[in-house]
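Engineer: Can you keep this structure in mind? I'll have questions shortly.
Protein chains: 2
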Amino acid sequence: MTILGPGLLGASLGMAARQRGLVQRVRVWARRAEARNACLGSEWCDSVAEDPAEAVRESEIVVLCTPVDRIAPLVERVRSGFAPGALLTDVGSTKARICRETTAVLPAGVHFVGSHPMAGSEKTGMENAREDLFNERACIVTPLAATSGEATARIVHFWEALGMRVTRLSPEEHDRIVAAISHLPHMLASLLCSLLAEKPDRWKALAGTGLLDTTRVAAGSSGLWTSICEHNRDPLLGVLEEFRTLLAEFSSALREEDWKKVAGLLEEARLYRQDLQ
Amino acid sequence: MTILGPGLLGASLGMAARQRGLVQRVRVWARRAEARNACLGSEWCDSVAEDPAEAVRESEIVVLCTPVDRIAPLVERVRSGFAPGALLTDVGSTKARICRETTAVLPAGVHFVGSHPMAGSEKTGMENAREDLFNERACIVTPLAATSGEATARIVHFWEALGMRVTRLSPEEHDRIVAAISHLPHMLASLLCSLLAEKPDRWKALAGTGLLDTTRVAAGSSGLWTSICEHNRDPLLGVLEEFRTLLAEFSSALREEDWKKVAGLLEEARLYRQDLQ
Chain A
617 MTILGPGLLG ASLGMAARQR GLVQRVRVWA RRAEARNACL GSEWCDSVAE DPAEAVRESE
677 IVVLCTPVDR IAPLVERVRS GFAPGALLTD VGSTKARICR ETTAVLPAGV HFVGSHPMAG
737 SEKTGMENAR EDLFNERACI VTPLAATSGE ATARIVHFWE ALGMRVTRLS PEEHDRIVAA
797 ISHLPHMLAS LLCSLLAEKP DRWKALAGTG LLDTTRVAAG SSGLWTSICE HNRDPLLGVL
857 EEFRTLLAEF SSALREEDWK KVAGLLEEAR LYRQDLQ
Chain B
617 MTILGPGLLG ASLGMAARQR GLVQRVRVWA RRAEARNACL GSEWCDSVAE DPAEAVRESE
677 IVVLCTPVDR IAPLVERVRS GFAPGALLTD VGSTKARICR ETTAVLPAGV HFVGSHPMAG
737 SEKTGMENAR EDLFNERACI VTPLAATSGE ATARIVHFWE ALGMRVTRLS PEEHDRIVAA
797 ISHLPHMLAS LLCSLLAEKP DRWKALAGTG LLDTTRVAAG SSGLWTSICE HNRDPLLGVL
857 EEFRTLLAEF SSALREEDWK KVAGLLEEAR LYRQDLQ
C-alpha cells in the first residue's frame with residue numbers, strides 16, 4: 617500500500633492497516649522532508665519516496681490523503697508510475713469533483729473508487745494520528761456508474777477490514793448528504809466563532825463546556841475547509857439557505873413569544889440528537 | 617446547606633461541597649418522592665424534606681437548583697421558612713429576571729446573590745451527577761447594586777472553594793454575554809438537529825464525530841431551554857440577528873466564489889477557537 621500525504625488520516629490509516637495486518641508493506645510519499653523522516657522513524661511505515669510517481673510504482677493499493685484540491689492533480693502527476701491493475705482511493709470530504717477529475721486522468725487498467733471515511737478531528741497532522749481513528753465510524757464509498765464492480769468491492773472490503781461501517785452512494789448524493797451532516801455543522805461552528813471573535817476578549821474565560829463542544833470543529837485548518845467549500849459550493853449553498861429559513865422561523869417564534877413553537881423545535885431537535893451516535 | 621432541586625447541578629453540588637468539607641450538613645428538598653429517596657440513599661445527603669419551607673429552616677446557605685422559571689416562585693413559597701441571615705443563591709442560566717423577581721419576594725435579613733456556574737451537560741438528572749462537575753469551570757456571580765457586599769463575597773468564596781473561576785457581572789451584562797456564548801450555540805445546535813430531523817432516517821448512520829460534537833447540547837431538555845429562551849428573549853434575539861447577518865455574508869461570499877473572504881472568516885474562527893479552553 618502507498619499512502620500519499622501522511623497527515624492525520626494518512627498516518628492513522630498506515631497505523632490501522634499495519635496493526636490489522638491488511639497490507640504487507642506501507643510506502644509513503646510526503647511533500648515535506650520532515651514528514652518523510654517522521655514516517656521513516658515510525659513503526660507502521662516501511663519506506664518513503666521523494667517522488668510520488670516512485671512511491672506508487674509497486675503498490676496494489678494507493679490511498680490519496682492530501683487536501684481535496686490536490687487529489688486529481690496528484691493522480692495526473694504520477695499517472696505514469698502506477699502498477700498495472702493498481703487500485704486507487706482517497707479520503708477526501710467531497711466526492712463529485714474528485715471522482716470526475718481523477719477518473720479523467722486515470723491510465724488504462726488502473727481503478728479509482730472514491731471514499732470518505734467519516735473520521736477525523738479538528739487536530740491535523742501525523743502527530744495526532746491514532747490507529748483506532750476509523751474504528752466503528754461510517755465510511756462512504758462512491759463508485760461512478762462506469763467503475764468496476766470488483767474494484768468497488770475491494771475498496772468496500774478494505775474499509776470494512778479497518779472496522780468501518782460502509783455505505784455506497786453516488787458521488788453527487790454523497791456531496792448533497794455531507795453538505796448537510798458535515799459541511800453545514802462545520803460552517804455554523806466557524807461562523808459562531810467568527811461572531812464571538814469580535815466580542816471582548818474577556819468573554820473567552822466564561823466559556824462553558826457546551827460552547828467548547830459546539831465549536832470544536834472550527835479549530836480545523838481554514839485552508840482545507842476553504843477547498844471543501846469550493847468543491848461542494850452548490851450543495852452547501854442549498855443547506856445554508858434551508859438553515860437561514862429555519863433560523864428566521866425560530867427568531868419569529870421567539871419575537872412573537874410563541875413558546876409552544878419554540879418548545880416544539882427544541883423537542884424535535886432533542887429527539888433527533890438523542891438518537892444519534 | 618440546603619439544596620432545592622437535586623438534578624444534575626444540585627446533586628453534583630451536594631457531592632462537591634461534601635467532598636471538599638465546605639458544609640457540615642446537606643439537606644435536600646425534591647418535588648418527587650423517588651428523587652428524595654435517591655438522595656437519602658446517597659452518601660452526600662444527610663436529610664430530605666417533603667416541604668421546601670421545612671428544608672430551608674436551619675440552613676445558613678440555600679442553593680436553588682430548579683429550572684429557571686421556578687426559582688423566584690419557590691423563594692416566594694418558602695419565604696417564611698428561611699433562618700435569619702440565610703444566604704441564598706441559584707444555578708440558573710439566566711440572571712436579570714431571576715435576580716429581580718427573587719429579590720422582590722425576599723424577607724428582611726435574608727440575602728440573595730445570583731450565580732451561574734458554567735458547568736453542566738446535555739445529560740440531566742441526579743444519576744449523571746459528578747463531584748468534579750464544577751472543577752476549573754467558570755462561574756458568574758451577579759449581585760444587584762443593592763446586594764450586601766458581604767453576602768456577595770461569601771458566595772464568591774463558596775464557588776471558588778468548589779474549584780471554580782469566579783467573575784462578577786451585573787445580571788443584565790451576564791444575560792447579554794451568555795446569550796452569545798451559551799444560548800446562541802445551543803439554539804444553533806438545536807436548529808441544526810431540527811433541520812436534519814426532516815432528512816431521510818438513513819442519513820443518521822453517516823454521522824461523523826464533528827456532527828456529534830457540534831450537536832451534543834441539543835440533547836438537553838427542551839422544557840428547560842424553552843424557559844431559558846423566555847427569560848433571555850431580548851438578548852437572544854439580538855445575537856440571533858447578528859448571526860443571521862454573518863450567515864448571509866458567508867453565503868454571499870460562497871455564491872460569488874470569493875474564496876479569500878471565505879478563508880478569512882474560517883481563519884478568524886480557527887484562531888478564536890484555538891484560544892478557547
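Going down the list, the sequences are from chains A and B. Take the first sequence: its letter number 167 is residue 783 in the working numbering, and every next letter is one higher. Take the second sequence: its letter number 96 is residue 712 in the working numbering, and every next letter is one higher. Glycine included, each C-beta is placed from N, C-alpha and C at the ideal position.
(1) Comparing the C-beta of R643(B) with each C-beta of chain A, is any distance below 8 Å?
(2) Going straight from the alpha carbon of H799(A) to that of C845(A), what length do you get?
(3) Are three or more beta carbon pairs between the stretch 664-684 of chain B and the stretch 623-640 of chain B nearer than 8 Å?
(4) Buried or exposed: L656(A), going by 16 or more other Cβ atoms within 10 Å of its Cβ?
(5) Could you have a look at F750(B) and say whether DSSP puts it in helix, strand or coil?
(6) Quick check: what's the CA-CA separation for A805(B) versus M780(B)?
(7) From the beta carbon of M617(A), is the nearest beta carbon of chain B less than 8 Å away?
(8) Any residues in the stretch 685-713 of chain A with a beta carbon nearer than 8 Å to a beta carbon of chain B? Which ones, in chain order?
(9) Quick one: using the 10 Å Cβ neighbour count with 16 as the cut-off for buried, is T861(A) buried or exposed?
(10) If we require 4 or more residues per run, which alpha helix (DSSP H) segments fall completely within the stretch 652-729 of chain B?
(11) Can you list the residues of chain B that V878(A) reaches, using a CB-CB cut of under 7 Å?
(12) Contact criterion: CB-CB distance below 8 Å. Does M780(A) meet it with respect to chain B?
(13) Is there a Cβ of chain E sitting closer than 8 Å to that of M631(B), yes or no?
(14) Which term fits D874(A), buried or exposed, when burial requires 16 or more other beta carbons within 10 angstroms of its beta carbon?
(15) Between R713(B) and H847(B), what straight-line distance do the alpha-carbon atoms span, to the nearest angstrom?
(16) Starting from the beta carbon of D891(A), find every residue of chain B whose beta carbon is closer than 8 Å, and list them in chain order.
(17) Could you check whether the Cβ of P683(B) sits closer than 8 Å to any Cβ belonging to chain A?
(18) For P851(B) and T783(B), I'd like the C-alpha separation in whole angstroms.
(19) Give every residue of the same chain whose Cβ lies closer than 7 Å to the Cβ of R770(A), excluding the five residues on either side of it in the sequence, and list them in chain order.
(20) Could you compute how far the alpha carbon of T618(A) sits from the alpha carbon of E752(A)?
(21) Report the option in E814(A), S737(A), D817(A) and S810(A) whose CA atom is closest to the CA atom of L881(B).
(22) How would you write the range of the beta strand (DSSP E) that T740(B) sits in, first residue to last?
(23) What residue range does the beta strand (DSSP E) around T618(A) cover?
(24) Applying a beta-carbon distance threshold of less than 7 Å, which residues of chain A neighbour H802(B)?
(25) According to a CB-to-CB cut-off of less than 8 Å, which residues of the stretch 854-870 of chain B neighbour chain A?
(26) When you compare only the Cα positions, how much space is there between R886(A) and R641(A)?
(27) Determine contact between the stretch 828-844 of chain B and the stretch 853-873 of chain A, defined as no fewer than three beta-carbon pairs at a distance below 8 Å.
(28) If the criterion is Cβ atoms closer than 8 Å, does the pair E747(A) and S628(A) meet it?
(29) With which residues is T758(B) paired in a DSSP beta bridge?
(30) Taking V772(A) as part of the alpha helix (DSSP H), name the residues at either end of that continuous run.
(31) Here's a check: name, in chain order, each residue in its chain whose Cβ is nearer than 6 Å to the Cβ of V726(B), leaving out the five neighbours to either side.
(32) What three-state label does DSSP hand V639(B) in the structure shown?
(33) In its own chain, which residues sit with a C-beta less than 6 Å from the C-beta of S568(A), not counting the 5 before and 5 after it?
(34) If you run the structure through DSSP and keep just helix, strand and coil, what is R871(B)?
(35) Less than 8 Å between the C-beta atoms of L894(B) and T758(B), yes or no?
(36) Over the uninterrupted alpha helix (DSSP H) stretch that includes V794(A), give me the two end residues.
Structural biologist: In brief:
(1) no
(2) Distance between the alpha carbons of H799(A) and C845(A): 8 Å.
(3) yes
(4) exposed
(5) coil
(6) If I take the Cα positions, the gap works out to 26 Å.
(7) no
(8) none
(9) Exposed.
(10) 668-672, 687-694 and 712-720
(11) T842 and C845
(12) no
(13) Here the protein chains are A and B, and chain E is not one of them.
(14) exposed
(15) 7 Å
(16) K820
(17) no
(18) 20 Å
(19) So the qualifying residues of the chain are L703.
(20) 23 Å
(21) S810(A)
(22) Looking at the DSSP string, T740(B) is not in any beta strand (DSSP E), and its letter there is neither H nor E.
(23) Residues T618 to L620.
(24) G826
(25) For chain A, the residues of the stretch 854-870 of chain B that bring a beta carbon within less than 8 Å of one of its beta carbons are V855, L856, E857, E858, F859, R860, L862, L863, A864, F866, S867 and L870, in chain order.
(26) 46 Å
(27) no
(28) yes
(29) In the DSSP output, where bridge partners are listed per residue, T758(B) has G730(B).
(30) Counting along the chain, the alpha helix (DSSP H) containing V772(A) begins and ends at G765 to A777.
(31) Hits under 6 Å: F698 and A702.
(32) coil
(33) Here chain A covers residues 617 to 893 and nothing more, so residue 568(A) does not appear.
(34) helix
(35) A query on residue 894(B) cannot be resolved here, the shown segment of chain B reaching from 617 to 893 and no further.
(36) Start and end: P787 to V794.
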